[in-house]
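The structure appears below as structure tokens.
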Amino acid sequence: MTSVEIPPHLFTQIDHVGLAVADLDAAIELYEKTFGMKLAHRETNEEQGVEEAMIAIGDSDNKLQLLAPLNENSTIAKFLDRNGPGMQQLAYRVTDVEQVSTILRERGVRLLYDAPRRGTADSRINFVHPKDAGGVLVELVEPAADTAH
Numbered sequence: 001m002t003s004v005e006i007p008p009h010l011f012t013q014i015d016h017v018g019l020a021v022a023d024l025d026a027a028i029e030l031y032e033k034t035f036g037m038k039l040a041h042r043e044t045n046e047e048q049g050v051e052e053a054m055i056a057i058g059d060s061d062n063k064l065q066l067l068a069p070l071n072e073n074s075t076i077a078k079f080l081d082r083n084g085p086g087m088q089q090l091a092y093r094v095t096d097v098e099q100v101s102t103i104l105r106e107r108g109v110r111l112l113y114d115a116p117r118r119g120t121a122d123s124r125i126n127f128v129h130p131k132d133a134g135g136v137l138v139e140l141v142e143p144a145a146d147t148a149h
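What follows is the structure, given as structure tokens:
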């Protein structure tokens, strides 16, 4: 069986670590006041059923994504019911989410969406099923063109 190599330039870095929280304002306050981190971006994503905040870690490009449910049917609400607050996903930055998705599918990896969806700040995202990623929900993030680093 020949497999297509994923060119090294397609995965560029860890984009963020997603944390499920019940109260977004309280979580933002915790990270700002306790750890001295700064709110970099906040938005509501109706499609994903979350209110979210990106927290900048120092002067680095590393971020925490705080995710609070908009309603009891959201994936984050279900995660909180099942697991309580904590790490919900690990996100890798990619240069081409469709190309990475195609290669991963060719390797038998299940992705949650047939086509990329809108993520934070107009990024394009997809998720690798945790059962195909060592028990971790992996997010693939292609930043919007004007926010790519």
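All residue numbers for the sequence shown refer to full-length UniProt numbering, where the first residue is 1 and numbers rise by one.
Quick reminder that beta carbons are idealized off the backbone N, C-alpha and C, glycines included.
C-beta atoms of residue i and residue j nearer than 7 Å
i          : j          : result
residue 39 : residue 57 : no
residue 26 : residue 51 : no
residue 16 : residue 63 : yes
residue 21 : residue 90 : no
residue 31 : residue 14 : no
Exposure label - residue i; buried when at least 16 CB within 10 Å
i           : result
residue 113 : exposed
residue 73  : exposed
residue 34  : exposed
residue 5   : exposed
residue 88  : buried
residue 53  : buried
residue 120 : buried
Selected residue, minimal CA-CA separation from residue i, among the options
i           : options            : result
residue 122 : 111, 110, 142, 104 : 142
residue 93  : 106, 62, 63, 140   : 140
residue 118 : 76, 85, 78, 47     : 47
residue 11  : 70, 144, 106, 100  : 100
residue 18  : 136, 145, 108      : 136
residue 115 : 70, 14, 126, 109   : 126
Check: residue i C-beta below 6 Å from any heavy atom of the ligand SAH
i          : result
residue 90 : Among the components modelled here there is no ligand, and therefore nothing to report on the ligand SAH.
If you scan the UniProt domain "VOC" (13-143) from start to end, which runs of the alpha helix (DSSP H) of 4 or more residues do you find wholly inside it?
Entirely contained in the UniProt domain "VOC" (13-143), the alpha helix (DSSP H) runs reaching 4 residues are, in chain order, 24-29, 75-83, 97-106.
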